[in-house]
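Structure first, commentary second.
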Amino acid sequence: MKLPAINFSKKPGEMNRRDFFKSGAAMATVTLAPGVTLMAFGGDANAAASSANRWGLLIDVNKCASDCTACVTACSDENGWENTGNPETDAQWIRKVDLKDNKTGYEVSLPVMCQHCDDAPCVDVCPTGASFKRTDGIVLVDKHTCIGCRYCMMACPFKARSFVHEKVTDQKSHAPRGKGTVESCTLCVHRIDVGGRPACVDACDATGHGAMVFGDLKDPESEISKMLSQYPSTALRADLGLNAGVRYQNL
Amino acid sequence: MVRLLASFLIWVALLGSCATAQTLDVPKALGDPHPEGNAFMRINHMNLMRHDRDQTMRLGNRDIKYSLKECVACHVVAGPDALPISVENERHFCRTCHEYAAVKIDCFQCHNSKPDPKVQIRLLGKVPDISELARYIEEVSE
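Residue numbers (this note's numbering), protein chains in the order written: chain P, 316 to 566; chain A, 9 to 150.
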C-alpha cells in the first residue's frame, strides 16, 4: 500500500481544500499488484466541476435588441455548428425568439438555449445515461453513449436539443460533434472549466447590450445572485418547476 | 537435395516478408516520448484515453494526461502543404497503425483528427536554447 508523503511543515489546519482532496485521493489508491491500482475515491480529486457551484445565466429581455444575433453567431463560431440552409435539420444550440402580445402589440426578443434545468427532463428520459447533469448543474450529452434515439429532444420543453443528421468534418477540438448524436448548448463548458464564461455572454457584452449575466447561482456574492435577489425574474415554463439555470428578467 | 533447397528458399522468403511487415512506417511524434514506453502505450492507450475522457466530460477535470486532443496534436503529420493531414489521409498517425492492426475506430466521427491550431503552435514553437538564440542574434546583427 502506497501512502502519500506528509508535509510536516504545514499544520493540519492550514491544509486547504485541494490538499485535503489530494491526500484523500492518494490514500484511497490501493496498489493491488505492480501496475494495478484500485481508485476508491469516486473520481479524481482535481475535478473542476464541483457541487459547490451552480452555473447559470440571467438574461435581461429589455436589453436584448430584436435585430441583434451576436450571441447566436458567437455560439456558432465557438462550437462549430452552422446553418446550411436546412432549418428542418440544422443544429440550433441557441436561437433568437421574438414574442408578441397580440392584444397589445408589445414585442420582445430573447435568446433561448438549453436552460440547464435542475430536474432536467432530457436526463430523466435518456435510456443510456448519455444525457446527464454535471455536479455544477451543466446539462450535457455524452456522445460516446448517445444512440441518437432523440427521446431527450421530445422531452425538452424548450426545443433546445438538435440531432446531427449529416456527417461533420473539421470540428472544433473542444466541441466534438458527429452524425447520429444529439447535442445542445454546453454553456461553453470548456471555457467554464478554465475559469471563463460562455461565448454568447462575451459577445453580448461586446455589442454593448450587456443583456446576459453569467455566474454562480450558489455564490450569494456573485453578480448574478445579487441581481436575482434584488429584481424579479422568471424561468421559461416556470409552471413545470424544472428550476432552470437560465432565468429571464422583464419577460 | 532440390527439395531441401526449395524449403530453405521458402523459409528465407517467409522471414523476408515478416521483416517487411515489422518495419511499419509509423510517423514520428513532435513531443517527448511517452515515459511509459511505446510497448505499454500500444496496448493500453485506449484504456487510458477512455478513463481520462470520462474525467473531463463527466467531472470537468481538464488537467488530464491522455486526451485525444493531445494525441492528434503531438502525433501530427504534415502533408505536402506543410499543414496537418486529417484521418482521410492514409499517412495519418492513428490510421497507420489501426489499419495495420485491422482495428476500426470511430473517434473521428465526432472528434477532429487535426490538432487545435493553438496546441499545434505550442508544440511546434518549442523554446530554443539560450545559446542558440544568442548565436542567432549575433548572426542577424552582423
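Note that CB positions come from ideal geometry on N, CA and C, so glycine has one too.
Please identify the residue among the options whose C-alpha is closest to the C-alpha of residue i.
i        : options                                   : result
A:CYS115 : A:ILE51, A:CYS79, A:MET49 and A:ARG50     : A:CYS79
P:GLY520 : P:TRP370, P:ARG369, P:CYS383 and P:SER365 : A small fix is needed here, since residue 520 of chain P is Asp in this sequence, not Gly. Per the Cα distances, P:CYS383.
P:CYS515 : P:ASP534, P:ARG506, P:LYS378 and P:ALA385 : P:ALA385
A:GLY39  : A:HIS83, A:ARG103 and A:LYS126            : A:HIS83
P:ARG492 : P:VAL479, P:CYS500 and P:LEU502           : P:VAL479
P:GLU481 : P:ASP392, P:GLU397, P:LEU566 and P:SER391 : P:GLU397
P:PHE529 : P:GLN545, P:PRO402 and P:GLY511           : P:GLY511
P:LEU372 : P:THR419, P:CYS429 and P:ALA389           : P:CYS429
A:VAL95  : P:ALA367, P:GLN545, P:CYS464 and P:THR484 : P:THR484
P:GLN564 : P:LEU532, P:MET527, P:LYS533 and P:ASP534 : P:MET527
P:ASP433 : P:PRO535, P:GLY452, P:HIS505 and P:SER366 : P:GLY452
P:GLY463 : P:PRO472, P:THR443, P:PHE473 and P:GLY560 : P:THR443
A:ARG66  : P:GLU538, P:SER477 and P:ASP508           : P:ASP508
P:LYS411 : P:LYS494, P:GLU538, P:PRO436 and P:PHE473 : P:PHE473
P:THR404 : P:HIS431, P:TYR421, P:VAL423 and P:THR496 : P:THR496
A:LYS112 : A:PRO41, A:MET54 and A:ASN46              : A:MET54
A:THR64  : P:LYS541, P:HIS505 and P:LYS487           : P:HIS505
P:VAL427 : P:LEU557, P:LEU551 and P:MET542           : P:LEU551
Give the residues of chain A in contact with residue i, contact being defined as C-beta atoms less than 9 Å apart.
i        : result
P:THR501 : Near P:THR501 there are no residues of chain A at all, since even the closest Cβ is about 10 Å away, more than 9 Å.
P:GLY493 : ASP114, PHE116, GLN117, CYS118 and HIS119
Please list the partners that residue i has in chain A, where partner means a Cβ-to-Cβ separation under 7 Å.
i        : result
P:ALA525 : Checking the sequence, you will find Gly at residue 525 of chain P rather than Ala. The premise fails here: P:GLY525 is roughly 27 Å from chain A at the closest Cβ pair, so nothing lies under 7 Å.
P:LYS458 : CYS118
Using a cut-off of 9 Å between C-beta atoms, extract the partners of residue i located in chain P.
i        : result
A:ASN46  : In chain order: nothing, as chain P lies at least about 16 Å away.
A:ARG143 : Residues of chain P passing the Cβ test: none, with the nearest at roughly 36 Å.
Interface residues of chain P around residue i at Cβ under 7 Å?
i        : result
A:ASP124 : SER488
A:ARG50  : Result: empty, since nearest Cβ-Cβ is about 15 Å, beyond 7 Å.
A:LYS77  : SER488
So residue i and residue j are in contact, right, with Cβ under 8 Å, and what is the actual spacing, rounded?
i        : j        : result
P:ALA364 : P:THR460 : The pair is not a contact, with the Cβ atoms about 18 Å apart (cut-off 8 Å).
A:SER121 : A:CYS102 : 7 Å
P:VAL454 : P:VAL438 : 7 Å
P:SER381 : P:ASP413 : 6 Å
P:LEU425 : P:VAL376 : 5 Å
A:ASP158 : A:LYS73  : Any question about residue 158 of chain A goes unanswered here, given that chain A covers just 9 to 150.
P:ASP499 : P:VAL456 : Looking at the sequence shown, residue 499 of chain P is not Asp but Ser. At roughly 7 Å, the Cβ-Cβ gap stays under 8 Å, so P:SER499 and P:VAL456 are in contact.
A:PRO123 : A:PRO92  : 6 Å
A:MET49  : A:LEU76  : A:MET49 to A:LEU76, Cβ: 14 Å. No contact.
P:ALA490 : P:ASN394 : 4 Å
P:PRO436 : P:ALA470 : 4 Å
P:LYS533 : P:ASN401 : Incorrect: roughly 40 Å between the Cβ atoms, too far for contact.
A:VAL85  : A:ARG99  : 5 Å
Report yes if the C-beta of residue i is less than 8 Å from at least one heavy atom of the ligand PLP; otherwise report no.
i       : result
A:LEU32 : Ligands in the displayed structure: none, and consequently the ligand PLP is not present.
Applying a beta-carbon distance threshold of less than 8 Å, which residues of chain A neighbour residue i?
i        : result
P:ARG449 : ARG66, LEU67 and GLY68
P:THR496 : CYS118
P:TYR392 : The sequence shown places Asp at residue 392 of chain P, rather than the Tyr named in the question. Neighbours of P:ASP392 on chain A: none; closest Cβ ~14 Å, over 8 Å.
Would you say residue i reaches chain C, if we count a Cβ-Cβ gap shorter than 9 Å as a contact?
i        : result
P:LYS533 : Here chain C cannot be found, since the structure's protein chains are P and A.
Members of the segment 98 to 118 of chain A near chain P, C-beta cut-off 8 Å = Taking 8 Å as the upper bound on Cβ-Cβ separation, chain P lies near residues GLN117 and CYS118 of the segment 98 to 118 of chain A.
Go through the segment 464 to 515 of chain P residue by residue and report every complete run of the alpha helix (DSSP H) that reaches 4 residues or more, in order.
-> Positions of the alpha helix (DSSP H) runs, each at least 4 residues long and wholly inside the segment 464 to 515 of chain P, are given as 466 to 470 and 504 to 507 in order along the chain.
Starting from the N-terminal side, write out each stretch of the alpha helix (DSSP H) that is 4 residues or longer and does not extend beyond the segment 86 to 129 of chain A.
-> Within the segment 86 to 129 of chain A, the complete alpha helix (DSSP H) runs of at least 4 residues fall at 101 to 108.
Determine which residues of the segment 504 to 519 of chain P have a Cβ less than 9 Å from any Cβ of chain A, and write them out in chain order.
-> Listed in chain order, the positions of the segment 504 to 519 of chain P with a beta carbon within less than 9 Å of a beta carbon of chain A are VAL504, HIS505, ILE507, ASP508 and VAL509.
Complete runs of the beta strand (DSSP E) confined to the segment 400 to 449 of chain P [at least 3 residues] = Complete beta strand (DSSP E) runs here, min 3: 409 to 415, 422 to 428 and 446 to 448.
Contact set between the segment 375 to 389 of chain P and chain A, restricted to residues whose Cβ is under 7 Å from the partner = None of the residues of the segment 375 to 389 of chain P has a beta carbon lying less than 7 Å from any beta carbon of chain A.
Would you list, in chain order, the members of the segment 397 to 419 of chain P that have their beta-carbon closer than 7 Å to a beta-carbon of chain A?
-> Going along the segment 397 to 419 of chain P in chain order, one finds no residue with a Cβ nearer than 7 Å to chain A.
Interface positions of the segment 418 to 439 of chain P facing chain A (Cβ-Cβ less than 8 Å), listed along the chain | Listed in chain order, the positions of the segment 418 to 439 of chain P with a beta carbon within less than 8 Å of a beta carbon of chain A would be empty, since no residue qualifies.
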